[in-house]
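Following: one structure in structure tokens, then a few remarks.
There are 2 protein chains.
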Amino acid sequence: MNQVITEQTATPELLRELAQQLRVDAVRSSAAAGSGHPTSGMSAADLMAVLFARYLRYDFSAPENTANDHLVFSKGHASPLLYALYKAAGAIDDEELLTFREFGSRLQGHPTPELPWVDVATGSLGQGLPIAVGIALAGARLESADFRTWVLCGDSELAEGSMWEAFEHAGHAGLSNLIAVVDVNRLGQRGPTMHEWDTASWAARAAASGWDVQEIDGHDLAAIDAAYAKALAADRPAAIFARTKKGAGVSAVEDQDGWHGKPLADPDAAIEELGGIRSIGVTVQPPPPQQPLKIEAEPVERPTYELGEKVATRGAYGDALAWIGGLDERVVALDAEVGNSTYAERFAAKHPDRFFEMFIAEQQMVAAAVGLQTRGWKPFASTFGAFLSRAYDFVRMGAVSDADLKLCGSHVGVSIGPDGPSQMALEDIAAFRAVLGSVVLYPSDANQTVQLVDAMRQHRGVSYMRTTRAATPTLYGPDEEFRIGGSRTLRASDEDAVTLIAAGITLHESLAAAEQLAGQGISARVIDLYSVKPVDAEAVLVAAKETQALITVEDHWPEGGIGETVGAVLAEAGSGTRLTRLAVTERPGSGPPEALLAAAGIDAEHIAAAAERALQPVGA
Amino acid sequence: MNQVITEQTATPELLRELAQQLRVDAVRSSAAAGSGHPTSGMSAADLMAVLFARYLRYDFSAPENTANDHLVFSKGHASPLLYALYKAAGAIDDEELLTFREFGSRLQGHPTPELPWVDVATGSLGQGLPIAVGIALAGARLESADFRTWVLCGDSELAEGSMWEAFEHAGHAGLSNLIAVVDVNRLGQRGPTMHEWDTASWAARAAASGWDVQEIDGHDLAAIDAAYAKALAADRPAAIFARTKKGAGVSAVEDQDGWHGKPLADPDAAIEELGGIRSIGVTVQPPPPQQPLKIEAEPVERPTYELGEKVATRGAYGDALAWIGGLDERVVALDAEVGNSTYAERFAAKHPDRFFEMFIAEQQMVAAAVGLQTRGWKPFASTFGAFLSRAYDFVRMGAVSDADLKLCGSHVGVSIGPDGPSQMALEDIAAFRAVLGSVVLYPSDANQTVQLVDAMRQHRGVSYMRTTRAATPTLYGPDEEFRIGGSRTLRASDEDAVTLIAAGITLHESLAAAEQLAGQGISARVIDLYSVKPVDAEAVLVAAKETQALITVEDHWPEGGIGETVGAVLAEAGSGTRLTRLAVTERPGSGPPEALLAAAGIDAEHIAAAAERALQPVGA
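Top to bottom, those sequences are chains A and B.
Taking the working numbering, the leading residue of the first sequence gets 173, the next gets one more, and so forth.
Taking the working numbering, the leading residue of the second sequence gets 173, the next gets one more, and so forth.
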């Protein structure tokens, strides 16, 4: 059999054959790998066979074509089905199919964008749908494009709140270019899901969020076909809740518990039961031609601040964002309902069409950013630094997706003052440094912030900026240059006995401490380590050589922040210069910023005292 | 006016007076602080006045009484209302009320358990309801207790997916002891919410999740009273969606945008408009007497493994959990639908009554654990280490709550093999070290795992254990002792030239590397740094003194893990011994564990090579 199915020739018989082939290929690739999730793909084979043969519009020879539909496997573990579809569509051959999960193969255990047809890595459940919301937002709000965004969801992942953030946001935004196909196969990894085949509960919830909903038998080809047609015709996002059987088509595993994430025990028997190996091709419809995208950006003057002017870096972030929004029409901004605190509202005021209010849903915000960048947009997403911790898994997966994701967390550290510890980011440097290939910036003044926001725009990858709530004096002129990986030495002389290394609010405390120390006859070097990752190791090592002691000061827990960054530099170089790390070590409360900085031992007075202690002979 | 309201004397007139007093006191405390969220409390004043006067059962003089109801302010920023309630109930006096947000005051910007009537810190929105689910689960499933769990939720926070994880879980569990009161005041921080006063959408969704739902006017005292009565009578969790006006009662701010998180501009005028300062007391009903809790634990034999026996530490975790469940009837376990991978299922098999299947909802899982520990349970919550990143904000807030929270993340690092990077925890050490007061353990063999799981049981605070997917040889006898903060030196001699420091899978690679090095005439010390936080600095410093070079090896990103922990110890001591850090530095793919360890440069061969290089003279 060497048939090719097209939209026109897709008879029910041929579609059924195609679906069986997809099952067979899922069984084969998993058997070859000795691991994988064939049964989780077999349940959705009928759904995807109809999609590929009759509804998807995608040119597999030109994945860069922006008119292509998008297809996100939110249930990423159904990768054996996805790869079987790629084979049927002629994107990969049978030989490559059987490299599934091999070292070096593009066909990884869960899909990643190493495959040109995969937009984003999935495999952490509950992420594909919210990311698809971002893709659909790009099409609907920014591009007026005709592509559709299809998402294959699992039923187990409907327990993730992030899925309901997505339902809610897509419904609110009226994203009629988004179709969620939920493969309700009743069985999770270790047993039945909460609702099993009771699709009514989910359908009611999605409908309440403003979705067009359908409940169908996911093995009934005619019902599937009709459901897609209705979904495409809907004036709102559409969800198809399809009741299916896990492992459908193979009696040894069909609707049986205990077969999650395992190759079949007898693949040959399964293949025989499924009717044997086939090589049916599918001619997926190409997308219609598309108008070239025209976007224009209203120029905004570059913000500059005068030396000594007191400005919060969060304010400079907002100003800079508005400015680069004018420089670069690809810049978009998202905020989680705190734009008047992060100052993302200043971007919104200048570029309302490219601003996305994501409400208090940080996971959906970061996911939407990941979705937007799949279409070449440069998303800046902001909220309080503390609340970005809510989206940490999405940032982690963004790095797996090699996403171009720019994040800003405001209100960091105890220096926010009276709002108290729930609002203080004290772990954000550690968390975001521990993201593959990330950049972590912590500007100390407004002009520097502007430069670094533009550096984030130009940098491709995951970058994070932490900004300060309080207004602090402007230290640098508007034309001083700052780069990712750099640092700035603010005070230095041949007499320096000690080096103070800080960034953000504690840099200002360090400068004050250096003044105090000078009064006591101690010369202190002060380094602004605004690029925490990558770090300017050279500046640290020169200071370690030229001064007797280093003091790091940070409004952050001691773990994974500036102190450990510097410590690793020193230890790797075998420097014997002693490091003192000042950081927040006890649970802060509410109070004025100055009182909290003092209580944490990171204000000028404590820094000066630590420097004095560090210069005393050991044991003194 | 110095009246005291009781359940019997709570006329509508008096309740209205009480509600006005609560508003006045919210205005007063915020005015005194110069910051705070009075308007967010004023909207809910009528709701809470009726609750305190007529429905809450709580002995404010005995917050430790386990028969008391629970009241969680999920909208923690409404703290001025909460503290006004405490004043009315006689728990605090007017003088303390006016210390709101002062340095050292218990009345922080957002509530924390520094106040004895506060169970958990809130202020990161979307957490109070899922935590309350844990409290209610304790009452319903573990204690057969009569207390009720009341939660005041905001409408803005209904955008958080975690809220819907909670609705879903509570509905599934049929928690009739849980009542959510949603203060639908229409306005978020920077403008209208998605649904404003359209409570029908939320009510439909909650009803679909199995809740009893009501939509009322939240300023109609009779309607509020009737709603509470109906909610208490329901055989399921009850949600009251109450339409209110933000800043209700003061014309200058009522239902006005732009007054979030700000004291009123003219507090005196507001107080006058509200009818002036009052000192009405509320006699909150005490709880009924309660039967003492009887729980019995079925003893389970302590697991032991033979030297050399190949066992995965995740398996030993499951065995140990089952064992300590027999030792200590307060131990409970939760898992996010992967208990057959984390091996929490072994606890479930022995102690089914104390096991909670949380489905794929990591935020709800950690939140439930935080809720359970408020009633003295010792929760162990497990999933893949990578997916605990989903709940990072809940862990962060758990530390603010001073919660007794035990976490286990399995399937860490590239050594999981073919499932690929989405499933690999490579940032978990960094993330969990950067939690206030946390303990981070990374056992290297099965017998050690058992000891450390029991150490976690005995430790109060946030602790995290990372476990390995692969079976590795048992290194230690069952009676060797391991403690939090310890380490174990596995190979040591006076001839040692280099020290290899590792834990978990890389400890085994380090032992193999030491063998290889011995063959080349290089003696290597090997340290098992199983307690990554707190770290055994002494062992590190002795090795730095006695050997020429240190090599850390970890199946984790380089940031915030074992390498930086050791680096900080060396730098703080001013040790000049050079450190080499081996860690995962590039995006892994799928493949056999050995291939991935080799590709990451953290297998025995690469460790031995790094040791050789480290022993060459600098510049050679």
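By construction, the Cβ of each residue, glycine as well, lies at the ideal position given by its N, Cα and C atoms.
Practice task
Could you confirm whether any beta carbon from chain B is found closer than 8 Å to the beta carbon of A/I774?
Solution key: Chain B, which has no Cβ nearer than 8 Å to the Cβ of A/I774, makes this no.
(Q) Once the 5 residues before and after A/L223 are set aside, which same chain residues still bring their CB inside 6 Å of it? (A) If we look at A/L223 and ignore the five residues flanking it on each side, it has no Cβ neighbours.
Review point. Can you find at least 3 beta carbon pairs, one from the segment 184-204 of chain B and one from the segment 709-727 of chain A, that sit closer than 8 Å?
Key: Taking 8 Å as the limit for Cβ pairs, the verdict is that the segment 709-727 of chain A does not touch the segment 184-204 of chain B.
Which same chain residues end up closer than 8 Å to A/A793 when comparing Cβ atoms and leaving out the 5 residues on each side of it in sequence?
Not covered by the structure: residue 793 of chain A. The range shown for chain A is 173 to 792.
**Item:** DSSP three-state assignment for B/R474, whether helix, strand or coil
**Value:** Here B/R474 sits in coil by DSSP.
Return the residue from the list B/E387, B/T238, B/R273 and B/G498 that minimises the CA-CA distance to A/I588. Comparing C-alpha distances from A/I588 to each of B/E387, B/T238, B/R273 and B/G498 shows the shortest one belongs to B/R273.
* Is it right to say A/A772 is buried, meaning 16 or more other beta carbons lie within 10 angstroms of its own, or is it exposed? -> Counting Cβ neighbours within 10 Å, A/A772 comes out buried, since at least 16 surround it.
| So what's A/E236 in DSSP terms, helix, strand or just coil? | In the three-state reduction of the DSSP assignment, A/E236 falls in the coil class.
Query - Sheet register partners of A/S554 (DSSP bridge) - result: Partner residues in the beta bridge of A/S554, as assigned by DSSP, are A/D507 and A/C580.
Discussion item. Looking only at its chain, what residues have a beta carbon closer than 7 Å to the beta carbon of B/E329, apart from the 5 residues adjacent to it on each side?
Written reply: These residues qualify, in order along the chain: S246, K247, L297, G298 and M335.
Given that B/A767 touches chain A, what residues does it touch there, using C-beta distances under 7 Å? Chain A residues near B/A767: F275.
Use the C-beta contact count for A/A401: other C-beta atoms within 10 angstroms, 16 or more gives buried, fewer gives exposed.
Under the 10 Å beta carbon count, A/A401 is surrounded by fewer than 16 other beta carbons and is classified as exposed.
message = Less than 8 Å between CB atoms is the rule here; does A/M637 satisfy it with respect to chain B?
response = It does not; no Cβ of chain B falls within 8 Å.
| message | Within a Cβ cutoff of 6 Å, which residues of the same chain sit near B/L465, ignoring the five residues on either side of it in sequence? | response | Once the five neighbours on either side are set aside, the close Cβ partners of B/L465 are E315.
Among B/S202, B/I694, B/T724 and B/P764, which residue has its Cα nearest to the Cα of B/E784?
Per the Cα distances, B/I694.
Which one of B/Q193, B/I467, B/E681 and B/L560 has the shortest CA to CA distance from B/H523?
-> Residue B/I467 is the option with its Cα nearest to B/H523.
Along the segment 739-763 of chain A, where does the CB come closer than 9 Å to a CB of chain E? Name the residues. The chain inventory of the structure shown lacks chain E, comprising the protein chains A and B.
Would B/P461 be called buried (16 or more neighbouring beta carbons within 10 Å of its own) or exposed?
B/P461 should be labelled exposed.
- [ ] Indicate, with yes or no, if the ligand NAD has a heavy atom lying under 7 Å from the CB of B/C580.
- [x] As far as ligands go, the structure on display features none, and thus does not contain the ligand NAD.
Closest Cα partner of A/L499 within the set A/Y489, A/A508 and A/P471
For A/L499, the nearest C-alpha among the options comes from A/P471.
(Q) At the level of alpha carbons, what is the spacing between A/A342 and A/A539? (A) The alpha-carbon atoms of A/A342 and A/A539 are separated by roughly 12 Å.
Less than 8 Å separating the beta-carbons of A/D525 and A/K550? No; because the gap between Cβ atoms is not below 8 Å, this pair is not in contact.
Q. What separation, rounded to the nearest whole angstrom, lies between the Cα atoms of A/A304 and A/W289?
A. Using only the alpha carbons, I get a separation of about 14 Å.
Query raised in the report: Tell me which same chain residues have a C-beta within less than 7 Å of the C-beta of A/L190, skipping the five on either side of it?
Result: Close CB contacts of A/L190 within its chain, under the 7 Å cut and outside five residues either way in sequence, are with I177, A221, A225, A260, I452 and V454 (chain order).
Nearest by alpha-carbon distance to A/V323: which of A/C580, A/A250, A/Y614 and A/A372 is it?
Measuring C-alpha to C-alpha distances from A/V323 to each of A/C580, A/A250, A/Y614 and A/A372 identifies A/A250 as the nearest.
Practice problem: Answer yes or no: does any C-beta atom of chain A fall closer than 8 Å to that of B/P184? | Solution: Interface criterion not met: the Cβ of B/P184 is under 8 Å from no Cβ in chain A.
request  = Spell out the partners DSSP gives B/E444 in its beta bridges.
outcome  = Residue pairing of B/E444 in beta bridges, as defined by DSSP: absent, with no partner found.
>> Would you say B/W549 lies against chain A (beta-carbon separation less than 8 Å)?
In response: B/W549 does not count as touching chain A.
Roughly how many angstroms lie between the CA atoms of A/Y230 and B/H728, to the nearest whole one?
Answer to the nearest angstrom: the Cα atoms are 38 Å apart.
Please report how far the alpha carbon of A/I774 lies from the alpha carbon of B/Q463, in whole angstroms. Computed Cα separation, rounded: 50 Å.
**Asked** Count the other CB atoms within 10 Å of the CB of A/R655; is the residue buried (16 or more) or exposed (fewer)?
**Response** Of the residues assessed, A/R655 falls on the exposed side of the cut-off, its CB having fewer than 16 other CB atoms within 10 angstroms.
Within 8 Å, do at least three Cβ pairs link the segment 616-631 of chain B to the segment 585-604 of chain B? Contact between the segment 585-604 of chain B and the segment 616-631 of chain B is absent: fewer than 3 CB-CB pairs across the two stretches fall below 8 Å.
_Beta-carbon contacts of B/V425 that lie in its chain and below 7 Å, excluding the five residues immediately before and after_ = So the qualifying residues of the chain are T211, G419, W431 and L436.
| message | Between which residues of its own chain and A/D617 is the CB-CB distance below 6 Å, once the five residues before and five after are set aside? | response | Sequence-distant Cβ neighbours of A/D617 in its own chain, meaning closer than 6 Å and more than five residues away, are T646, L647 and Y648.
Exercise for the section: Output yes if chain A places a C-beta closer than 8 Å to the C-beta of B/N237; else output no. Expected result: It does not; no Cβ of chain A falls within 8 Å.
| query | Are any of the Cβ atoms in chain B nearer than 8 Å to that of A/M569? | reply | Between A/M569 and chain B, the shortest Cβ-Cβ separation is below 8 Å.
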